[in-house]
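Let me begin by presenting the structure, written as structure tokens, before commenting on it.
Number of protein chains: 2
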Amino acid sequence: MEFSSKLLENAVYEMSQLPGIGKRTALRLVLHLLKRPVDQTQHLSNSLLKLRNDIRFCSNCHNISDVALCEICANPKRDESLVCVVEDVRDVMAIENTGQFRGMYHVLGGKISPMEGVGPQNLSIADLVVKGKEGKIKEMIFALSSTMEGDTTNFYIYKQLQGLPIRISTIARGIAVGDELEYADEVTLGRSILNRIPFENSLRAS
Amino acid sequence: MEFSSKLLENAVYEMSQLPGIGKRTALRLVLHLLKRPVDQTQHLSNSLLKLRNDIRFCSNCHNISDVALCEICANPKRDESLVCVVEDVRDVMAIENTGQFRGMYHVLGGKISPMEGVGPQNLSIADLVVKGKEGKIKEMIFALSSTMEGDTTNFYIYKQLQGLPIRISTIARGIAVGDELEYADEVTLGRSILNRIPFENSLRAS
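The listed protein sequences correspond, in order, to chains A and B. The working numbering puts the first residue of the first sequence at 98, with every later residue one more than the last. The working numbering puts the first residue of the second sequence at 98, with every later residue one more than the last.
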């Protein structure tokens, strides 16, 4: 792409560094900002800078939080003995949206991925193990994505917790509610048969 | 969406104001920035702000330009008597990429659209008419998109220029090179038959 302006070229380049944003899309987004009042660009720039510079994490669950102890960890009604281990803030939001979980979270901040240079020391795993040893936690639910990295991370944490009196579970994988069996992939369908549940339990869930 | 942090919520909100970026995508982009060095967010914010604040337009063709007269308008080899009328900088870039055009451009900055509150006075139409009356321009090529707004804008300019000794043309519409006839829409196929060209001309073009 040949740009008529260096300023435009720079803005498009920086925008196109975001994941899933190609050069053309970046140009469209930047031109949109140019057509809008200067306020909008200022608000966008400031909110990104402010978040990046002032970001803080909950001292207990490591979720993004503006205060030292996040709302969930500070809530006395949540069950401290049940901890759901997730990758990032999106997973917390997704699970909270279901309204089905009254325990606490532990946000790892990623998955072990040697390819991307992420080792156990880059995640909040050591802190989770410390919490596990304190004895308050009775069950941990692993809710990482079922990829190779997710499975590796699950197994690494599982090994670290071995010997502790903590029940370890993973979220159920199976056919999505409302989906047709014939369109499901074999692995998922296979797992949902292996991990079948008593019929009465399925009545309770909805 | 329930956010655990106001800072995060603000950043996601501002990001989701961009066209085609929903809340989920905005969250993904913002979390990506959080995982990257703080530099990247600074570069993005600064380049957007700098462009928005320092943006300048070529005094002749109204294209985005860092200097008073853009590279194309300042080039003595370009044909001043041939002016291609386009909507924005993307069209200039697209036509320049073809390498088929040696004339000048006139960037309107949009199309007449009463629905979006864009009238002729919001576009650089008056300036184009002034240029037309100066007598240097022999031909204008309308290259706006063939929507109702594009057609309205073309017709408005055409009326303003009536009586001047300027040949007015529009770019050819037809089946894209390499496309199958059977998949083309009827309007396009119909136009490409109506506006057929001598066979020798098609040999010249490639």
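Where is the CB? At the ideal position from N, CA and C, for every residue including glycine. Predicted, not measured: the structure shown is a model, and the values here were computed from it.
Q) Below 9 Å between beta carbons: does that hold for residue 226 of chain B and residue 101 of chain A? A) no
**Q.** Of the residues A:108, A:271, A:299 and A:145, the one placed nearest residue 290 of chain A, counting alpha carbons only
**A.** A:271
Q.
Judging by CA-CA distance, which residue of A:124, A:201 and A:189 is the nearest neighbour of residue 117 of chain B?
A. A:124
Q. So which of B:274, B:288, B:217 and B:242 has the shortest CA-CA distance to residue 254 of chain B?
A. B:217
Q: Leaving aside the five residues before and after residue 196 of chain A along the sequence, list all residues of the same chain whose C-beta is less than 6 Å from its C-beta, in chain order.
A: Cβ within range, chain order: n/a, list empty.
Q.
Just checking: is the beta-carbon of residue 224 of chain B within a distance shorter than 9 Å of some beta-carbon in chain A?
A. no
Q. Nearest to residue 266 of chain A by alpha carbon, out of A:143, A:161, A:182 and A:133?
A. A:182
Q. Can we say the segment 223 to 237 of chain B touches the segment 257 to 266 of chain B, given the rule of at least three CB pairs closer than 8 Å?
A. yes
Q. Using 8 Å as the Cβ pair cut-off and three pairs as the minimum, do the segment 169 to 181 of chain B and the segment 234 to 241 of chain B touch?
A. Counting Cβ pairs under 8 Å, three or more are found: they touch.
Q. Can you give the beta carbon distance from residue 148 of chain A to residue 108 of chain B, rounded, assuming they're within the 8 Å contact cut?
A. Going by Cβ atoms, the distance from residue 148 of chain A to residue 108 of chain B rounds to 4 Å, so yes, they are a contact pair.
Q.
In chain order, what are the residue ranges of uninterrupted beta strand (DSSP E) at least 3 long that sit wholly in the segment 198 to 222 of chain B?
A. 200 to 204
Q: Taking the CB atoms as reference points, tell me whether residue 135 of chain B and residue 219 of chain A lie closer together than 9 Å.
A: no
Q) When you check each C-beta in the segment 214 to 243 of chain A against every C-beta of chain B, which residues fall closer than 7 Å? A) none
Q) residue 266 of chain A lies in the beta strand (DSSP E); which residues open and close that run? A) 264 to 267
Q. Is residue 179 of chain A helix, strand or coil by DSSP?
A. strand
Q.
Do residue 114 of chain B and residue 128 of chain A have their beta-carbon atoms positioned less than 9 Å apart in this structure?
A. no
Q: For residue 157 of chain B, I'd like the list of residues in its chain whose CB is within less than 7 Å of its CB, leaving aside the five on either flank, ordered along the chain.
A: 166 and 170
Q. With which residues is residue 236 of chain A paired in a DSSP beta bridge?
A. A:179 and A:264
**Q.** residue 157 of chain A - containing alpha helix (DSSP H), residue span
**A.** Per DSSP, residue 157 of chain A belongs to no alpha helix (DSSP H) and is neither H nor E.
Q) Closest Cβ-Cβ distance between residue 117 of chain B and chain A: below 9 Å? A) Cβ-Cβ to chain A under 9 Å: yes for residue 117 of chain B.
Q.
So for residue 165 of chain B, helix, strand or coil by DSSP?
A. Here residue 165 of chain B sits in coil by DSSP.
Q) Interface residues of chain A around residue 189 of chain B at Cβ under 9 Å? A) Those are 101, listed as they occur along chain A.
Q: Could you tell me the boundaries of the alpha helix (DSSP H) in which residue 285 of chain B lies?
A: Where residue 285 of chain B is concerned, the enclosing alpha helix (DSSP H) stretches over 283 to 291.
Q | DSSP state of residue 254 of chain B mapped onto helix, strand, coil | A | In the structure shown, the three-state DSSP call for residue 254 of chain B is helix.
Q: Please classify residue 242 of chain B: is it buried, with 16 or more other beta-carbons within 10 angstroms of its beta-carbon, or exposed?
A: Around the C-beta of residue 242 of chain B, fewer than 16 other C-beta atoms lie within 10 Å, and the residue is accordingly described as exposed.
Q: Return the chain-ordered list of same chain residues with a C-beta closer than 7 Å to the C-beta of residue 138 of chain A, the five sequence neighbours on each side being excluded.
A: Closer than 7 Å at Cβ, skipping near neighbours: 130.
Q. Based on Cα-Cα distance, which residue from A:212, A:201, A:244 and A:251 lies nearest to residue 222 of chain A?
A. A:251
Q) Could you give the residue range of the alpha helix (DSSP H) that holds residue 115 of chain B? A) That residue, residue 115 of chain B, is in no alpha helix (DSSP H); it is neither H nor E in DSSP.
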